[in-house]
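Asker:
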Amino acid sequence: HKPFIPLTAEEIVFGYDDTLVKLAHHFYPEHKKPTDKMAILSKRNHTVNGEVSTIYTGLSNMEDFGYLDNVNGMTKLPYWKESPCNDLAKASEGSFFPPKYFTKGKQEIYHLYDKDVCRLIPLQYRKSETKHGIPVDVYTPADHMYESIEKAPQNKCYCPGNEYCPPNGVQSIMPCHHDAPLYASLPHFYKGDPSLLNNVEGLNPKAELHGSHLKIQPKLGIPLEALIRLQVNLKVERTPNIRVMSKLPNIILPIMWLEEGVTDLTPALKRYIYLATTFADIAYPLGTYGSILVGTCILIGVFINAYKSIVFTRETIEVSMRTLRRGNHLLQSNNHKLLIIRDSYAVLPEIPSPVEEFV
């Protein structure tokens with residue numbers, strides 16, 4: 325066997341036949357038995373990996389919407405013995421997060437459960453921006469995520485006892501990978517200790533290429549963009565008694581780095597999210613104030629119309645009086661007086677003169 329062998333990307337990620345791995349497979353206990361192939365992500369190709377997660381729907385409390393209740397029935401991660409490393413509380417599997425409307429804007433840090441690194445990834449709020457015209461909040465991994473225990477004492481539980489504690493920017497993931505000497509970091513040791521870069525040629529860490537981020541719509545709590553980048557490293561140690569290993573340096577050797585996530589949504593989904601978040605904010609006040617304005621105009625119109633029908637102006641009265649004078653005239657015939665008022669006629673009784681009455 326040689327310390328390095330040529331492999332395709334598919335083989336190193338999803339498995340290749342190895343004599344030593346097949347031999348070791350026969351000696352492992354049944355409940356800890358690894359796959360019969362050597363792979364970084366064994367049993368992950370076209371499978372659900374046998375993991376079942378239960379999440380809160382928000383029915384009783386929207387502040388817990390999208391958070392994990394348990395993974396495979398466990399409320400603690402089995403890989404680590406102490407808190408906060410084994411905590412699952414207030415962690416999301418990445419599809420949903422509590423909307424800020426219900427958390428009252430308190431959510432400066434979200435926690436994302438990533439089974440590949442056997443831990444929660446703390447995501448720190450950085451800024452707000454828009455994507456496709458939709459407001460989003462940008463979150464990136466917190467600075468203490470892969471920091472050494474000297475800088476971040478809370479990471480002590482990732483290297484318990486006298487176990488080797490890696491330098492800044494690297495974390496052990498041995499417990500969830502059959503105790504193989506694997507370590508996780510950001511690609512190209514981004515934000516890692518400078519000594520990590522000196523042992524390998526070609527490393528050039530850049531934030532835009534090797535950092536991770538999530539863009540979460542704050543009102544709905546769903547990611548519009550998510551990129552989680554991970555580098556898998558192997559701890560290499562010089563072994564004097566094995567000839568092929570006797571001249572190797574003691575280093576953290578990068579094997580590969582992965583990028584998983586989504587950078588865009590379907591047009592239909594973007595349209596629905598836009599209508600629910602941005603257009604609704606504009607349409608609701610416009611509809612409300614528009615209805616008030618239309619109702620006010622209708623009331624004013626009704627009032628003016630009623631005013632014209634009931635209230636007599638000076639001009640209206642003068643016109644009516646002239647019409648009345650033209651239409652009224654008195655006719656006298658056979659001691660009767662006939663009063664004609666427009667189209668109505670009335671016969672008045674004969675009235676004796678004062679002289680006749682006196683006589």
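Heads up, the sequence shown is in my numbering, so the first residue is 325 and it goes up one at a time.
Ideal Cβ positions, reconstructed from N, Cα and C, are used throughout, including at glycine.
Only a predicted model underlies this, so the values are computations on that prediction, with no experimental measurement involved.
Count the other C-beta atoms from every protein chain shown that fall within 10 angstroms of the C-beta of E525, then say buried if there are 16 or more, exposed otherwise.
Answerer: Per the 10 Å Cβ criterion, exposed.
Asker: Go to Y434, then tell me how far its alpha helix (DSSP H) extends in each direction, as first and last residue.
Answerer: Segment 433–438 is the beta strand (DSSP E) holding Y434; no alpha helix (DSSP H) there.
Asker: Where does A670 land, buried or exposed, given buried means 16+ other C-beta within 10 angstroms?
Answerer: Residue confidence is low: A670 scores 45 on pLDDT, short of 50, so the model does not pin down where it sits. No coordinate-derived value is stated.
Asker: With a CB to CB cut of under 7 Å and the five nearest residues on each side skipped, what residues in its chain are close to K559?
Answerer: Same-chain partners within the cutoff: P505, Y507, I576.
Asker: Looking at C-alpha atoms only, which residue of I616, S452, A550 is the closest neighbour of T587?
Answerer: Selected option, being the one with the closest Cα: A550.
Asker: Quick one: residues in its chain with C-beta nearer than 8 Å to the C-beta of N557, no 5 flanking neighbours on either side, listed in chain order?
Answerer: V494, L506, Y507, A508, S509, I576, L577, P578, I579.
Asker: Using 8 Å as the cut-off, can you tell me whether the stretch 410–428 makes contact with the stretch 531–544, which would need three or more C-beta pairs spanning the two stretches below that distance?
Answerer: At 8 Å Cβ cutoff, the stretches touch.
Asker: Evaluate A415 with the Cβ neighbour count: other Cβ atoms within 10 Å of its Cβ, from every protein chain shown; 16 or more gives buried, anything less gives exposed.
Answerer: A415 is buried by the Cβ-count criterion.
Asker: Could you give the C-beta distance for L572 and P327, rounded to a whole number, given that I count them as a contact under 8 Å?
Answerer: Between P327 and L572 the Cβ distance is about 6 Å, and since that is below 8 Å, they are a contact.
Asker: DSSP has H349 in a bridge; who is on the other side?
Answerer: DSSP lists no partner for H349.
Asker: Could you give the first and the last residue of the continuous beta strand (DSSP E) run that contains A508?
Answerer: Here the beta strand (DSSP E) through A508 covers 506–509.
Asker: Report the option in I497, R562, E453, H512 whose CA atom is closest to the CA atom of W581.
Answerer: Answer by Cα proximity: H512.
Asker: Is N629 helix, strand or coil by DSSP?
Answerer: Correct three-state label for N629: helix.
Asker: In or out: D503 buried (at least 16 other Cβ within 10 Å) or exposed?
Answerer: Exposed, since its Cβ has fewer than 16 Cβ neighbours within 10 Å.
Asker: Taking only the alpha-carbon atoms, compute the straight-line gap between P446 and I497 and give it to the nearest angstrom.
Answerer: One C-alpha to the other measures close to 16 Å.
Asker: Mind pulling the alpha helix (DSSP H) runs of 4 or more residues that sit fully within the stretch 384–429?
Answerer: Counting only runs of 4 or more, we get 424–427.
Asker: Whose CA, out of I597, I552, K594, lies closest to the CA of E583?
Answerer: For E583, the nearest C-alpha among the options comes from I552.
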